[in-house]
Structure formats: C-alpha cells, structure tokens
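**Q**
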Ligand SMILES: CN(C)C(=N)NCCC[C@H](N)C(=O)O
C-alpha cells in the first residue's frame, strides 16, 4: 500500500521565461517561445501540487534571468539546511544569490553557497537517507564531497554521458524512499552498475519516455507528477501502485526543463 506525504515546494513563475541563449542541446534561440503559454502551463502544475495537498511557495522572478523558472537548480535543501547553487554558465550565475536571499528570508538561516559548480536539485536527488549526485555536464564532482560534508549524508556520485540528459533529474526520478526510475543509457558503465546494485527493482524508462523528459518528475510517494507524453512510463508506474498525474509543460521543454526542474523541495529539519 503506497502512501502520499505532503511536500513543501518552492517554484518561480516563468514571467520572464524565454530561450535567448543555448546552454544545453534542447535550447534553440531561433525557435519561438510562447511565454503566456509557459505561464499557463506552470500555473497548472502549481494547481496540481495544491490539489494534492502540497505547500507551494514562490520566489519573485527576476527580469533578465529567463531560466529562473527552473527552481530545482537553485539549491539542495535537506534537514532544513540549504546548499545554494553555484551555476556553471554566466547566464545563470545571478540566480544563485536570488535563491540564497529567498531561503535566508524564509526560514532557512542555515545555508551556504557551494564553492564549486553545483546546480542544486538538478544534480542532487535524495533517496531515503542517501543523496544521489550527478556529474559529467554541470555539477563539478568536487561538489559531491562538499555536499557530503555539509549534509552529513552519504553522497553517491553518478556520471552522466549523454548531453541530452545533462542533469541527473533528467535521467532519474525518485519515486519513494527506496524506489527510483531511470534511463540506463544516460549513465556511464560504472554508474549504471552502481544503480543496478542499489536499485535492482528500479523502473527502467524507454528512450521515448526519456526524450519527452518523463523522468523529470516529482513524487510524494504515491502521486507522480510527470510530463503527460510519457505514456509508457505512466503505465509502468501504475503497475507498481503509483498514481501518475500527467501535465503539459511543452513550452518549458524548449529550454530543457520540465516538472522536476520547476520544483525545489524544501525539506524541514526533523
Ligand atoms: C533538471 N533541472 C532542474 C533542469 N534540468 N533544469 C533545467 C535547466 C534548464 C536551463 N536552460 C539550463 O540549461 O540550465
């Protein structure tokens, strides 16, 4: 029997969302972006969270930071402590201080900005007591040691090898304290062996579902909010007793992000 646990999320309205530079293979500044549609799709995601009983805080978007909607990248927050992001790309660097200030002003005084590139929950995913940590494209592998020292939790490094899946949360999603879903070809052979050893019962996503960012999902232990085009993945989840909730974030996918990217989990101190 699966049970849902209410979550506390931080989101950023895509008021200034656009694709005006390219820092991942999904971003093509020549393709038009419909910002009002992006806002409507994001509002729907927020409503879905509220209807599932989650708390959603919002951070004020900043003009000139079109990727700020991807709140998951702003920090990693575990046990009420926040390790704030240090972005790889100049275009996103100013987001770090914005998330830092919001967290400090909103009940997370125990915080630090990462000293090397660390793109927050884009590359750091908590499963049970352990943090899975991606590297290969964005977060520096040295950030894994820093996170382990800061959080006092085991950090397991995983290397990503396909530029389309440049953050860990594009290739792996946490479904509950012990269960993950992932796309095997996104990982180096050694990292794949680690995942197989740790999660022998994992849900394995198809290339088609990975390509619509099906793994860029959030779960409360029962309800899994994911891109609605990931239909086969949704079926696999249903068979395992989860409740998939499909949403359409097609405009945000033009920047290489979807459900999880828009959602930073704020985990309280216990
Ligand atoms: C997985 N998460 C949080 C993300 N994948 N975030 C989306 C970041 C998109 C942005 N254009 C970038 O390339 O940084």
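In the numbering used here, the protein residues as written are 7 to 276. A virtual CB, placed ideally from N, CA and C, is assigned to each residue, including glycine.
Roughly how many angstroms separate the alpha carbons of residue 148 and residue 141, rounded to a whole number?
**A** Position 142 of the chain shown, counted from the first residue, corresponds to residue 148. Position 135 of the chain shown, counted from the first residue, corresponds to residue 141. Looking at the two C-alpha atoms, the distance is approximately 9 Å.
**Q** Need the endpoints of the beta strand (DSSP E) that residue 15 sits in, please.
**A** For this step, residue 15 is matched to residue 9 along the chain shown. Taken as a continuous stretch (DSSP letters only), the beta strand (DSSP E) holding residue 15 covers 14-18.
**Q** What did DSSP end up calling residue 188 once you bin it into helix, strand or coil?
**A** By 1-based counting over the chain shown, the position of residue 188 is 182. Reduced to three states, the DSSP call for residue 188 is strand.
**Q** Taking 7 Å as the cut-off, is the beta-carbon of residue 267 closer than that to any non-hydrogen atom of ligand 1?
**A** The residue given as residue 267 occupies position 261 in the chain shown. Flag set: Cβ of residue 267 near ligand 1.
**Q** Is the region 159-176 touching the region 131-140, taking contact as three or more C-beta pairs under 8 Å?
**A** The region 159-176 vs the region 131-140: in contact.
**Q** Which first and last residues belong to the beta strand (DSSP E) in which residue 63 is found?
**A** Reading the chain shown from its first residue, position 57 is the one you call residue 63. Its beta strand (DSSP E) spans residues 61-65.
**Q** Expressed to the nearest angstrom, what Euclidean distance is found between the alpha-carbon atoms of residue 187 and residue 223?
**A** Stepping through the chain shown from its first residue, residue 187 is reached at position 181. Stepping through the chain shown from its first residue, residue 223 is reached at position 217. Taking the straight line joining both Cα atoms gives about 10 Å.
**Q** Thinking C-beta only, is residue 120 closer than 8 Å to residue 2?
**A** Limits of the chain in this structure are 7 at one end and 276 at the other, which puts residue 2 out of reach.
**Q** For ligand 1, which residues count as neighbours when the test is a C-beta closer than 5 Å to any heavy atom?
**A** Result: 29, 30, 73, 76, 78, 79, 128, 173, 175, 261, 262, 263 and 267.
**Q** Identify which residue in 49, 28 and 15 has its Cα closest to the Cα of residue 312.
**A** Limits of the chain in this structure are 7 at one end and 276 at the other, which puts residue 312 out of reach.
**Q** Mind checking which residues open and close the alpha helix (DSSP H) that includes residue 54?
**A** Within the chain shown, numbered from 1, the residue matching residue 54 stands at position 48. Residue 54 -> alpha helix (DSSP H) spans 41-57.
**Q** If we ignore side chains and look at the alpha-carbon of each, how far apart do residue 108 and residue 101 end up?
**A** Here residue 108 refers to the residue found at position 102 of the chain shown. Here residue 101 refers to the residue found at position 95 of the chain shown. The straight-line gap from Cα to Cα measures roughly 11 Å.
**Q** What does residue 164 pair with, by DSSP beta-bridge criteria?
**A** One-based indexing of the chain shown puts residue 164 at position 158. Residue 164 pairs with 140.
**Q** Output yes or no for whether 8 Å exceeds the beta carbon distance between residue 44 and residue 23.
**A** As a first step, residue 44 is located in the chain shown; it is residue number 38 there, counting from the start. As a first step, residue 23 is located in the chain shown; it is residue number 17 there, counting from the start. Yes, the Cβ-Cβ distance between residue 44 and residue 23 is below 8 Å.
**Q** Give me whichever residues DSSP pairs with residue 79 in a beta bridge.
**A** For this step, residue 79 is matched to residue 73 along the chain shown. Paired residues: none, contrary to the question.
**Q** Give me whichever residues DSSP pairs with residue 252 in a beta bridge.
**A** Reading the chain shown from its first residue, position 246 is the one you call residue 252. Paired residue(s): 232.
**Q** May I ask which residues mark the beginning and end of the beta strand (DSSP E) holding residue 119?
**A** By one-based count along the chain shown, residue 119 stands at place 113. Note, residue 119: beta strand (DSSP E), 117-119.
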